[in-house]
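S.K.: I have a structure here, written as C-alpha cells, and I will follow up with some questions on it.
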Amino acid sequence: MDVILFLVFATIAVVCAINVVVQRHPISSALSLVGVMGSLAVLYLLLGAEFIAAAQVIVYAGAVMVLFVFVIMLLNAGAESKKGRSYMSQFLGVPLLIFLLGLTAFFVQRMFPETTMVKFGGFTGGGAEAIGRALFTTYLLPFEVTSILILIAILGALVLAKRGE
Amino acid sequence: MESFIVLTVIKAVIVFAVLMTTLAYLQWVERKVIAHIQVRPGPYRVGPHGLLQPLADVIKLITKEDLLPPYVSKPFYLLAPFLAITMALISISVIPFGPVLQFGPLDIGPLHIPHVETAMQLTDLNIGVLFILAASSMGVYGIALAGWSSNNKYALLGGLRSSAQMISYELPMSLAIAAPLLLSNTLSLRKLVESQQGSILDWNVLHGPFPQIISFLVFLIAAFAETNRVPFDLPEAENELVAGFHTEYSSMKFASFFMAEYANMITVSCMATLLFLGGWVAPWPAAYGSSLVPTVIFGGAGVLALYHGAAAARKRDHATFPVFGVVFLILAGVFLLPAVQSWLLPLFWFCAKVGAILFLYIWIRGTLPRFRYDQLMAFTWKFLFPVAMMNLLATGFLVAWMAK
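Encoded structure:
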C-alpha cells in the first residue's frame, strides 16, 4: 500500500516538475509547482512526518505559491514565445542531464546504504512537539541565523521599494 | 477492521447529508434573518414560510443552462469551482461534533450489532488544526483561478482582491489560532476540547492564565475576511465588479462557489467553537441543571407555537404553527431520555454555539457597510496583525511563567 502510494505521488511530483519547465504560460507553470509541493507533502505524510507535511502545504503550496500566482495575475503576464536554442544546449543538453542524474544516483547509493534509509512510517520525529524541541535545542543557532537572514531580506525589500518613490 | 470501514462509511454519509442540508438551509436562514432586519417577510411563497425555498433553488440551479464562454482558459475555468468546493468540504472531515459515542450490543431480530465505540468525528488527526489551515489556504486557488481564467476584467479584479485579502488575513488568523493552542498544548481538535472540560470559565476564551478574548475577536474578524463575507466581501462587490470572481460562471459551477462560501462559513464557525468556546462542553456543569436547557428551550418554543396557532392571524397558520409546536415538544421530550442524553446534549451545545456564530455572521451582514480596499489592507496590517502578535507574546510569556 505504502509503495503504491509512494509510486503514484512520486510520479505525479516528477511529471508536475517537468511540466513546470515545459509549460509556456506562467500560471500553468506556477500551478504545476503547486502540484509538486502537494505531492511532496503526501510523501512526507507517508514517511510519518505529518507536521512537516502540513507545514509544506500551508507555507509552500498555500502562502508562497499563492503569492506567485497573485504577482503573475497582477502583472498579467502572457504566454512566453519560443526562441531558438543555442547549438550547445541542443546537442549537449540531454547527455549532460543524464550524466548529472547518474552522478547523483551514484553518490546517493554510495553515501546512504540501504540499512540507513528511512522506512515508510518509521520516522518518529515528525510530530509538532519533536520538531519544536529539535528547533529550539539542537538546531537553535541555524534557526536564529535563518530568522535574521529573513529579517534582512524583508529590510532589503523595504529599501528597494522606498527607492522607487 | 471491517466494522471500522462500515462505521466510517455510515459516519461519512451522515456528516455529508447533514452538511449539505445545513448548507441549503443556512441560506434560507440568512435570507429570512436579513429580511426581518430590513422589515420585510423574505422568502414566503414556496412551502410554509418559504421552508421549501432551498429545494426550489437547487432545482433552479441544476436545470439552468450551463454556459461555457468561448474566451475562457478552459482547464482552469473548469478546475476552479471544483477546487473551491473540494477544499471547502474537506475541512469538515477533521471536526469533532461530540464526545466518544458508546453503542451497546444490540439485537434487532436476526441482525446482531456488537458493542461499538466511535468518536463523533470522521477522523482525529493529531494535526487537525493545521489540516484545516492547509485546506483553507488551498481554497484561495479556486477563487484566484476563477477570476483569472474567466478572461474578464471584473472577474480578474475580484480574483486579485480575493487573493490579496486572503493572504493578508491569514496571518492574524494563524496568530490568533496559535494563542489558544498554547493554553491547550495540543494540535488535535478533540484534545483541544477535552482540555476545556468543566464550565464556561474553563473555555479558552475565559480560561487563565490569559483569557483569549482578544484572540477570539481577532479570529472572528479574520474569519469574516477569509470567507469573503460582509464587511470584507470586496471580491464580489456587486456595485463595482458586477459579481466579482464568479461573473462568468453559471448553473452548477456558480452553485459550487456559493456552496463553498457557506461551507467555509460553517467550518470557520466550528473552528471558533472548538478553539475558544469549548466545543461541545456545556456552559455550566450538568449538576447545576445545564442538561435541562434544551428541554426548556424546545418546550418553550413548542408552547409558544401552539399558543400562536390557537390565535393565528392568518388562515394557514392554524395548521402550520400547531405542527411545529408538536415537533418542538417531542424534541423537548427526547432531550429528557437518559439513553440519548449522553450524545444528544453535547451535540446540542456544539450546534448551539456554531449556530450563534453563524447568526452573528448574518447579523453583521445586515448591519455593516463594506470596507474600502485601502481601509481593508490598512486594517489588517496596521491594527489586526500587531494586536494578534502582542496577544500571542503575552500568552506565551504567561504560559511559560506559569509552567515554571
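As they're listed, the protein sequences go chains A and Z.
Residue numbering for the first sequence follows the working numbering, beginning at 305 and increasing consecutively.
Residue numbering for the second sequence follows the working numbering, beginning at 394 and increasing consecutively.
Glycine included, C-beta positions come from ideal geometry on N, C-alpha and C.
Note that this is a predicted model, so its numbers are computed, not measured.
1. Reducing DSSP to helix, strand and coil, say where Gly693/Z ends up.
2. Hey, would you say Phe650/Z sits closer than 8 Å to Pro447/Z, going by beta carbons?
3. Please report whether the beta-carbon of Ile560/Z lies at a distance below 8 Å from any beta-carbon of chain A.
4. Please report how far the alpha carbon of Met392/A lies from the alpha carbon of Val398/A, in whole angstroms.
5. Identify whether Gly671/Z lies in helix, strand or coil by the three-state DSSP scheme.
6. Measuring CA to CA, which of Ala367/A, Phe313/A, Asp306/A and Thr315/A is closest to Ser567/Z?
7. Given a cut-off of 8 Å on the beta-carbon distance, is the pair Phe625/Z and Phe764/Z in contact?
8. Using only the alpha-carbon positions, how far apart do Leu550/Z and Leu740/Z sit?
9. For Val522/Z, which residues of its own chain have a beta-carbon under 6 Å away from its beta-carbon, when the five flanking residues on both sides are left out?
10. In or out: Leu405/A buried (at least 16 other Cβ within 10 Å) or exposed?
11. Closer than 8 Å, Cβ to any Cβ of chain Z: which residues of the region 440-464 of chain A, in chain order?
12. Can you name, in chain order, every residue of its own chain whose Cβ lies under 8 Å from the Cβ of Ser451/A, other than the five neighbours on each side?
13. Should Ser542/Z and Phe469/Z be called a contact, given that it needs their Cβ atoms to be closer than 8 Å?
14. Any C-beta of chain C sitting closer than 8 Å to the C-beta of Ala771/Z?
15. Run the CB neighbour count on Arg438/Z, radius 10 Å, all protein chains shown included, and call it buried at 16 or more, exposed below.
16. I'd like the span of the alpha helix (DSSP H) that includes Ala572/Z, first residue to last.
17. Please list the terminal residues of the continuous alpha helix (DSSP H) segment that includes Thr788/Z.
18. Expressed to the nearest angstrom, what Euclidean distance is found between the alpha-carbon atoms of Met369/A and Val338/A?
19. Smallest Cα separation from Tyr418/Z: which of Phe790/Z, Gly748/Z and Ala679/Z?
20. Of the residues that make up the region 350-377 of chain A, which ones have a beta carbon closer than 7 Å to any beta carbon in chain Z?
21. Please classify Gln589/Z as buried or exposed, where buried requires at least 16 other C-beta atoms within 10 Å of its C-beta.
22. Short check: CB of Ser555/Z to CB of Ile536/Z, under 8 Å?
23. Tell me which residue opens and which closes the beta strand (DSSP E) that Met513/Z is part of.
24. With the cut-off set at 8 Å, would you say Gly552/Z and Trp736/Z are in Cβ contact?
25. With which residues is Gln495/Z paired in a DSSP beta bridge?
26. Count the CB pairs spanning the region 459-469 of chain Z and the region 634-644 of chain Z that are closer than 8 Å, and state whether there are at least three.
27. Below 8 Å between beta carbons: does that hold for Leu724/Z and Phe691/Z?
28. Measure the CB-CB distance between Ala345/A and Ala314/A and report whether it falls below 8 Å.
29. Tell me whether Glu587/Z sits in a helix, a strand or coil according to DSSP, three-state version.
30. Distance, Cα to Cα, Ala680/Z vs Val727/Z?
31. Grab me the residues of Ile659/Z's own chain with a C-beta within less than 8 Å of its C-beta, minus the 5 sequence neighbours each way, in chain order.
32. Quick one, are the C-beta atoms of Ser333/A and Val319/A less than 8 Å apart?
33. Would you say Asn632/Z faces chain A, with C-beta separation under 8 Å as the test?
34. Using a beta-carbon distance below 8 Å, is Ser543/Z in contact with chain A?
35. In whole angstroms, give me the CA-to-CA distance for Met305/A and Gly695/Z.
36. From what residue to what residue does the alpha helix (DSSP H) around Pro468/Z run?
M.R.: According to the structure data:
1. helix
2. no
3. yes
4. Note on geometry: alpha-carbon atoms of Met392/A and Val398/A lie some 11 Å from one another.
5. coil
6. Ala367/A
7. yes
8. 42 Å
9. Leu580
10. exposed
11. none
12. none
13. yes
14. Looking for chain C here will not work: the only protein chains present are A and Z.
15. In summary, Arg438/Z is exposed, with fewer than 16 beta-carbon neighbours lying within 10 Å of its beta-carbon over all protein chains present.
16. Lys546 to Ser577
17. In the DSSP annotation of this structure, the continuous segment of the alpha helix (DSSP H) that includes Thr788/Z starts and ends at Phe778 to Ala796.
18. 7 Å
19. Gly748/Z
20. Glu354, Phe355, Ala358, Val361, Ile362, Ala365, Gly366, Ala367, Val370, Leu371, Val373, Phe374 and Met377
21. buried
22. yes
23. It spans Val509 to Met513 - the beta strand (DSSP E) in which Met513/Z sits, taken as one unbroken run.
24. no
25. Glu510/Z
26. yes
27. Yes, they are a contact pair.
28. no
29. helix
30. 19 Å
31. Leu412, Thr415, Leu416, Leu419, Ile485, Val747 and Leu751
32. no
33. no
34. no
35. 54 Å
36. Lys467 to Ile483
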